[in-house]
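Q:
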Amino acid sequence: MPAREIRFRLNGSERRAEVEDQVLLLELVRGLGLAGTKLSCDMQVCGACTVLLDGRPVSSCTTLAIEADGRAIETIEGLADGTALHPLQQAFIDKFAFQCGYCTPGMIVAAKALLDELPRPDRATVRRWMDGNICRCTGYETIVDAVVAASERMGGAK
Amino acid sequence: MNADRDARGDRVASTDSDVRPERDVSAGIDVERAGTGGPAGTSAPRADGVAKVTGAARYAIDLALPGMAHAVVVRSTRPHARIVSIDRESAAASPGVLRVITGADLLAAGLWPYYGHIVLDHPVLAIERVRYQGEPVVAVVAESKREAAEAADLVSIEYEDLPIVVDADEALAPDAPIVHEQRGERVGDEGMDQGEAELVGNVCAIARVGWGDVDAAFATADVVVEGEYRYPMLYGYAMEPYNALAFFDQGDLTVYSSAQHVYMVRRDLARMFHLPHARVRVIAPYVGGGYGTKSYTKIEGIASSAAYLTGRAVKLDLSVEEAMLTTRSDSSHIRARSAFTKDGRLLARDFDIVMNSGAYTDNSPIVNSKTANRVFGPYKIPALRVVSRSVFTNTVPGSSLRGFGAPQGNIAGELQMDEAAAKLGIDAVELRLRNLVGPGEEIIPGKRPIDADLRDDLRCLATALDWPGAEGHAVGLGVSASDAGAYPTSTAAVRIHADTSVTLFTGSSELGQGSRTVLGQIVATELGVPLSAVSVVSSDTGVVTYERTTGASRTTTVTGKAVQEACREARRRVRQLAADVLGVPLGSVQDGPGGVRAKGETLTYGEVIERWFGAGGEVLAHGAVRRAEHFQKMPPFWEIGCSGVRLSIDRDTGLVHVDRLTTVGDVGFAINPALVHGQDAGAAMMGLGAAVREELVYEGGQLVNPNVVDYRVPRFSDVPDEMVHLLAERHDGAGPYGAKGAGEGAGNTIGASVASALGRILGVFPHELPVTPERVWRLLRSRA
Chain L
8 MPAREIRFRL
18 NGSERRAEVE
28 DQVLLLELVR
38 GLGLAGTKLS
48 CDMQVCGACT
58 VLLDGRPVSS
68 CTTLAIEADG
78 RAIETIEGLA
88 DGTALHPLQQ
98 AFIDKFAFQC
108 GYCTPGMIVA
118 AKALLDELPR
128 PDRATVRRWM
138 DGNICRCTGY
148 ETIVDAVVAA
158 SERMGGAK
Chain H
42 MNADRDARGD
52 RVASTDSDVR
62 PERDVSAGID
72 VERAGTGGPA
82 GTSAPRADGV
92 AKVTGAARYA
102 IDLALPGMAH
112 AVVVRSTRPH
122 ARIVSIDRES
132 AAASPGVLRV
142 ITGADLLAAG
152 LWPYYGHIVL
162 DHPVLAIERV
172 RYQGEPVVAV
182 VAESKREAAE
192 AADLVSIEYE
202 DLPIVVDADE
212 ALAPDAPIVH
222 EQRGERVGDE
232 GMDQGEAELV
242 GNVCAIARVG
252 WGDVDAAFAT
262 ADVVVEGEYR
272 YPMLYGYAME
282 PYNALAFFDQ
292 GDLTVYSSAQ
302 HVYMVRRDLA
312 RMFHLPHARV
322 RVIAPYVGGG
332 YGTKSYTKIE
342 GIASSAAYLT
352 GRAVKLDLSV
362 EEAMLTTRSD
372 SSHIRARSAF
382 TKDGRLLARD
392 FDIVMNSGAY
402 TDNSPIVNSK
412 TANRVFGPYK
422 IPALRVVSRS
432 VFTNTVPGSS
442 LRGFGAPQGN
452 IAGELQMDEA
462 AAKLGIDAVE
472 LRLRNLVGPG
482 EEIIPGKRPI
492 DADLRDDLRC
502 LATALDWPGA
512 EGHAVGLGVS
522 ASDAGAYPTS
532 TAAVRIHADT
542 SVTLFTGSSE
552 LGQGSRTVLG
562 QIVATELGVP
572 LSAVSVVSSD
582 TGVVTYERTT
592 GASRTTTVTG
602 KAVQEACREA
612 RRRVRQLAAD
622 VLGVPLGSVQ
632 DGPGGVRAKG
642 ETLTYGEVIE
652 RWFGAGGEVL
662 AHGAVRRAEH
672 FQKMPPFWEI
682 GCSGVRLSID
692 RDTGLVHVDR
702 LTTVGDVGFA
712 INPALVHGQD
722 AGAAMMGLGA
732 AVREELVYEG
742 GQLVNPNVVD
752 YRVPRFSDVP
762 DEMVHLLAER
772 HDGAGPYGAK
782 GAGEGAGNTI
792 GASVASALGR
802 ILGVFPHELP
812 VTPERVWRLL
822 RSRA
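Residue numbers (this note's numbering), protein chains in the order written: chain L, 8 to 165; chain H, 42 to 825.
1. Rounding to the nearest angstrom, what Cα-Cα distance links GLU763/H and ASP290/H in this structure?
2. How would you call SER185/H, buried or exposed, if buried means at least 16 neighbouring beta carbons within 10 angstroms?
3. Can you give me the C-alpha to C-alpha distance between GLY418/H and ALA593/H, rounded to a whole angstrom?
4. Tell me which same chain residues have a C-beta within less than 7 Å of the C-beta of LEU350/H, skipping the five on either side of it?
5. In or out: GLY706/H buried (at least 16 other Cβ within 10 Å) or exposed?
6. Rank PHE103/L, TYR147/L and LEU95/L by C-alpha distance to the C-alpha of GLY162/L and give the top, closest one.
7. Determine the direct distance from the alpha carbon of GLY454/H to that of ALA424/H, and round the result to whole angstroms.
8. Pick helix, strand or coil for ILE247/H, following the three-state DSSP scheme.
9. Along the chain, where does the alpha helix (DSSP H) that runs through GLY418/H open and close?
10. Which residues of chain L have a Cβ atom closer than 8 Å to the Cβ of THR95/H, listed in chain order?
11. Measuring straight from C-alpha to C-alpha, what distance separates VAL428/H and VAL408/H?
12. With 9 Å set as the bound, which would you pick, yes or no: does the beta-carbon of GLY446/H sit closer than that to a beta-carbon of chain L?
13. Could you tell me which residues DSSP pairs with GLN631/H in its beta bridges?
14. Just checking my contact of VAL395/H with ASP216/H at CB under 8 Å: how many whole Å lie between their CB atoms?
15. May I ask you to report which of helix, strand or coil DSSP gives MET727/H?
16. If we ignore side chains and look at the alpha-carbon of each, how far apart do GLY444/H and LEU359/H end up?
17. Going by CA-CA distance only, name the one from GLU363/H, TYR278/H and PHE381/H that's closest to LEU442/H.
18. Quick check on the DSSP output: the alpha helix (DSSP H) that includes SER556/H runs from which residue to which?
19. Taking just the CA atoms, how far does THR598/H sit from GLY776/H?
20. Evaluate HIS315/H with the Cβ neighbour count: other Cβ atoms within 10 Å of its Cβ, from every protein chain shown; 16 or more gives buried, anything less gives exposed.
21. What residues from chain L crowd round GLU281/H, counting only those whose CB sits closer than 8 Å?
22. In this structure, how does DSSP classify SER373/H when only helix, strand and coil are distinguished?
23. When you check each C-beta in the segment 133-153 of chain L against every C-beta of chain H, which residues fall closer than 9 Å?
24. Determine the DSSP secondary structure at VAL255/H, reduced to helix, strand or coil.
25. What's the gap between the Cα of VAL58/L and the Cα of ILE83/L?
26. So, helix, strand or coil for VAL575/H, using DSSP?
27. Going along the chain, which residues of the segment 747-769 of chain H sit with their C-beta nearer than 7 Å to a C-beta in chain L?
28. So, with DSSP's three-state summary, where would you put GLN743/H?
29. Pull up the distance between the alpha-carbon of ALA24/L and that of GLY38/L, whole angstroms please.
30. What are the boundary residues of the beta strand (DSSP E) that includes PRO62/H?
31. Tell me whether the beta-carbon of ALA134/H lies closer than 9 Å to the beta-carbon of VAL181/H.
32. Give a yes or no on whether the C-beta atoms belonging to PHE433/H and ASN746/H are separated by under 9 Å.
33. Alpha carbon to alpha carbon, how far is GLY561/H from SER576/H?
34. Using three-state DSSP, classify PRO164/H as helix, strand or coil.
35. Going by alpha carbons, who is nearest to ALA72/L out of HIS93/L, VAL30/L and ASP61/L?
36. Hey, is ILE102/H's beta-carbon within less than 9 Å of any beta-carbon in chain L?
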């Protein structure tokens, strides 16, 4: 298989990697030790593998690594500032917005993309935006609570 | 939203009951309000919180070892066939391949090639015959997963097809193809509750419950309701698919796995490799969803035999599609009759249940017996006859899933209460109230009396749902009581360190239910130390103490009690050391928060330990519970289900819209109210998925929707407009501080509730779940 060099920004750091064409973005980030991004459905419907590519949420299970060439990748590991949690991460803890935690990295990353675009979403908007992320444990309501609480904490203007 | 909830809660509370709106679901520790003298009773933040929100939490699927090889499974394409030959030459010669393994190889290597905690009939890899489409036949082990997958495509298996049977009723016919001509050895112990031993044809297990003269009672009845009911086959979709990483070191086996019950898996693996239990170590790190689907052995035997035969560490991780071909829940088909007097008293109930249990025994006998125990409901029933048969078919093996027989039975038992109410002209809540047992009354002779106030729970549920509903909506609700907790064997160990911090060892797995948090809260409360000084080590058979299972909603109640016992023993030991150190009689040493009081002195645990040892040291104590004292009567507790829905339908499309879903969490005492809330919400949403959407569909012997596009689970857009969770805390459980289990009950009645609400709208009660838009539309047309 032909390999080529790609350059990208990963959670704020300039990186380069030799990847074969068929390598998935999920495999790239997990291969670099960032195991927070999870594989589940493997067909782009569950959202567990969500990462941000130039700020847009994508399913890394069905995105090729070479598509990240020259772009910025953000994963769950990039949200906290050292030991200081991102307001979304803190809100997920405060509102018990996860149980097993397997969907949580993708869920938080998808919510970050929402708040970056719409700082003060109402509950209906959160539900609509997050519909591509499946959680089997919580019944979803506490996740909506957490996203709304985080948006308030971040002082998002309506 | 919260304001709405509180407003509704106030209305409920004013009925002079013990049921209250949920306590705040935000994290917080208010020891004073909890009333236990410690953090037990508060919504303490999750012990695994930071790990899970930062992506740092490691699940079995994330683990790797240097030099690790990868296995890929070749699965049967036939639902029932004799294996004529397996051509593995080209696969074995493929780049990177270490070994291509068949069931015959395991036999040749002298391994015990079957597993099963009740009946040893499940081959690790098929031997001579396949019994369902998707059954593992060959394992290809290679240096990389890609090389293993490429080689797997080169394996060629020749089959000779055998007649198949997919429907459980057809499997009971005298001329049906037989799935198991020879039965596996029965290895279940007393706690397996496995039913009758003499089984013929395709019957996997039979359970019977009954008393009184049922036929005579039906003969005198004023009103009889009768019907057939069906609950679908379901896939639990734990989002982390089954996976295992196995290796041998000096002949000792270690397996990292996504298993719920590490000790049950250890038993199967020890038998397989003829190893003593002490030389098999099964470790479950964080588990990405369980819900019963990860109970008992799944693929650990494949990974371990691959490690054994290659001498390498071997990782096997399944896709979701493969997980769907590994375990599902048993579906039910129930023929039911209920007899009433004209004033609505139950005279008799009669249930003939057929469970489709798939190709292997797995946990189906227990699910079957639980269905029999849970189908008739917590009512006073003078005469009862339940016969439940678990039946082998050429389909994916059935096993545990949240609720465990309760939702499968509830659809018949509860829906008949609604149908009878309609026929009798009695309000359906009133009809239930007339028949429900009171606290302390038995529903099964000789079993633990009901440890709940079901009438109060139901009244509160009805109020919260605005029973009996308004124009354009209909309300459906129901109750259930599950014999939960499993066999109450549990142990725990606490280790108090010389700095007064504490490590708890427990065999219970953290599935997300919050075991590390709740058990830590119990330790902190019992020992009088801050929660931040407690660490919980769990689910590693090489390190932690024995735990029978992490299932049946038992951890808080049963394990929690073992943890309490361990803490009491630790305190006793510290008092003894203190008496030694201070030179006083043991009786003069008193417990204090985080230490002891004696001779007017207050000493922390650490001070006692260091003074006794001279330098360093620790105290280690063990706690055990068994089927004795407060757990003598089975079950250890009754798990109550009391929930319902308010819904409407779109008459053009048949789409069901649930505008309110309400649960009453009758948990005795909520050691962590926010975690109880999470269990109730999660169970209810799973129940709703099964009620309106989820079903594994077979065409012939082929599962036609083995992926999460075609098998659709609830999403954000499926959440009811309002979710209302109430808590009933009457301290009536056998667990710590009067707690009893949650996690399954809230979902058990949702299927029947949805069907009964639809019945009120449609004028005909749907007897088959899920009530997909198509089914609703057809019912609408049939009434038009």
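Ideal Cβ placement from N, Cα and C applies to all residues, glycine included.
Predicted model only: the values in this text are computed from it and were never measured.
A: Taking the geometry as given:
1. 54 Å
2. exposed
3. 18 Å
4. ARG140, ILE142, ASP146 and ALA150
5. buried
6. LEU95/L
7. So the two alpha carbons sit approximately 15 Å from each other.
8. strand
9. Where GLY418/H is concerned, there is no enclosing alpha helix (DSSP H), given that its DSSP letter is neither H nor E.
10. GLY43, ILE83, GLU84, LEU86, ALA87, LEU92 and GLN96
11. 13 Å
12. Taking Cβ atoms only, chain L never reaches closer than 9 Å to GLY446/H, which makes this a no.
13. ARG638/H
14. Not a contact, Cβ separation roughly 17 Å.
15. If DSSP states are grouped into helix, strand and coil, MET727/H belongs with the helices.
16. 25 Å
17. TYR278/H
18. Start and end: 556-568.
19. 4 Å
20. exposed
21. LYS45, SER47, CYS107 and TYR109
22. Note: SER373/H maps to strand in three-state DSSP.
23. Hits within the stretch, in order: VAL133, ARG134, ARG135, TRP136, MET137, ASP138, GLY139, ASN140, ILE141, CYS142, ARG143, CYS144, THR145, GLY146, TYR147, GLU148, THR149, ILE150, VAL151 and ASP152.
24. helix
25. 8 Å
26. strand
27. ASN748, VAL749, VAL750, VAL754, ARG756, PHE757, SER758, VAL760 and MET764
28. strand
29. 10 Å
30. 60-62
31. Here ALA134/H is not near VAL181/H, since their CB atoms are 9 Å or more apart.
32. no
33. So the alpha carbons of these two residues sit roughly 7 Å apart.
34. Reduced to three states, the DSSP call for PRO164/H is strand.
35. VAL30/L
36. A Cβ of chain L is located within less than 9 Å of the beta carbon of ILE102/H.
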